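Presented below is the structure to which this report refers.
2 protein chains.
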Amino acid sequence: MENKGIAEEEENKCQVFSHVWEVLGKRWSLLILKNLYEKETARFNELKRSLGKISSTVLSARLLEMEREGLISKRIFPEVPPRVEYRVTARARELGIILNELGEWAVRWKSPKMASTKVQ
Amino acid sequence: MENKGIAEEEENKCQVFSHVWEVLGKRWSLLILKNLYEKETARFNELKRSLGKISSTVLSARLLEMEREGLISKRIFPEVPPRVEYRVTARARELGIILNELGEWAVRWKSPKMASTKVQ
DNA sequence: CCGTATCCTAGCAGATACTG
DNA sequence: CAGTATCTGCTAGGATACGG
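Going line by line, the protein sequences match chains A and B. With the first letter of the first sequence counted as 1, position 33 gets the number 33 in this note's numbering; the numbers rise by one all the way through. Take any residue in the second sequence, note its place counting from 1, add 120, and you have its number in this note's numbering.
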């Protein structure tokens with residue numbers, strides 16, 4: 001492991017992070033993860049049903065993106081009719097802990113909703 | 121404080137969280153926060169310059185959204201030419217700690233980038 | 001300097017239809 | 001069942017111009 005400058009490492013952290021963020025920030029991503037956290041393992045249409053009104057197209061896209069980010073793993077059973085099982089990875093489970101902290105932070109402050117603008 | 125069911129509280133946490141998330145997930149939001157964390161206080165065009173190629177329109181919108189979320193506070197000095205200073209609130213500083221954890225999580229795993237699909 | 005008002009465009013969500 | 005292919009509408013974001 002080379003000796004990187006701290007600034008460079010900070011820069012790197014930011015880049016890598018915003019990369020994942022772009023996926024997580026998209027519509028449905030978090031809801032999909034939430035479902036998988038709870039269910040431990042789920043199939044495509046099962047997921048689709050429990051998500052309400054998401055389309056196959058979008059669900060498929062989100063799953064692929066998150067798989068590429070190493071958040072979801074996929075297991076194909078070569079049967080007829082086809083069976084595919086999705087689950088969260090260890091990486092995603094670690095993320096879940098932090099997301100939970102985020103959730104607690106969010107309610108702890110409960111959006112003040114008042115303007116904080118001050119005129120001097 | 122009433123006695124809420126845990127499920128209800130969980131539901132609430134999720135709602136409040138996704139609310140903030142909608143703001144944070146938008147383009148530029150995190151970068152703006154990052155700049156303010158470092159600078160402690162910044163003016164509009166100063167911010168605009170250091171962000172690269174953001175437009176006034178968008179910067180203005182992001183700042184307003186985050187102000188409404190209680191993440192940013194604004195101070196107007198009634199001078200000519202006008203001076204306005206932005207800074208992060210205590211709420212945002214707490215958030216910063218968690219975001220930092222997120223950053224560390226992101227590099228710790230460094231997107232594997234390989235397909236995790238397994239055929240059984 | 002600090003923004004708002006307009007207009008324009010790309011990209012994404014969603015609907016529908018169809019395959020292995 | 002588990003997806004792709006294709007099309008459409010919408011809206012976030014960017015460029016530009018202007019006003020307090």
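Where a beta carbon is used, it is the ideal one built from N, C-alpha and C, also for glycine. Model, not experiment: these values are computed from the prediction.
Measuring only between beta-carbons, confirm whether residue i sits less than 8 Å from chain A.
i      : result
B/G223 : yes
B/K115 : Summary: the structure shown does not reach residue 115 of chain B, with chain B confined to residues 121 through 240, and so no result is reported for it.
B/L150 : yes
B/L215 : yes
B/N132 : yes
Quick check: is the beta carbon of residue i nearer than 8 Å to any beta carbon in chain B?
i      : result
A/S18  : yes
A/W109 : yes
A/G25  : yes
Between the C-alpha atoms of residue i and residue j, what's the straight-line distance to the nearest angstrom?
i      : j      : result
B/A210 : A/A90  : 32 Å
A/V121 : B/E199 : No answer is possible for residue 121 of chain A: it lies beyond the span of chain A, which begins at 1 and ends at 120.
A/G96  : A/V84  : 23 Å
A/E38  : B/S176 : 42 Å
A/A42  : A/L33  : 11 Å
B/K146 : A/P82  : 37 Å
B/I62  : B/F164 : Lying before the first or after the last residue shown, residue 62 of chain B is absent from chain B, which here runs from 121 to 240.
A/E65  : A/C14  : 19 Å
B/G223 : A/A92  : 14 Å
B/E189 : A/E94  : 27 Å
A/R62  : A/V16  : 19 Å
A/W21  : B/E187 : 21 Å
B/E221 : A/R49  : 33 Å
Taking Cβ to Cβ, would you say residue i is nearer than 8 Å to residue j?
i      : j      : result
B/I218 : A/W105 : yes
A/S132 : B/K194 : Here chain A comprises residues numbered 1 to 120, so residue 132 of chain A is not present and cannot be evaluated.
A/Q120 : B/I192 : no
A/R87  : A/E46  : no
A/L59  : A/N35  : no
Identify the residues that DSSP records as bridge partners of residue i: which are they?
i      : result
A/E85  : A/R43 and A/R75
B/K173 : DSSP output for B/K173 lists no bridge partner at all.
B/V239 : A/I76
> Taking any Cβ of chain A, which residues in the segment 181-211 of chain B have a Cβ under 8 Å from it, in chain order?
Replying inline: E187, R188, E189, G190, I192, S193, K194, R195, I196, F197, P198, T209 and R211
> Which residues, in chain order, does the segment 41-58 of chain A contribute to contact with chain B at a C-beta distance below 8 Å?
Replying inline: none
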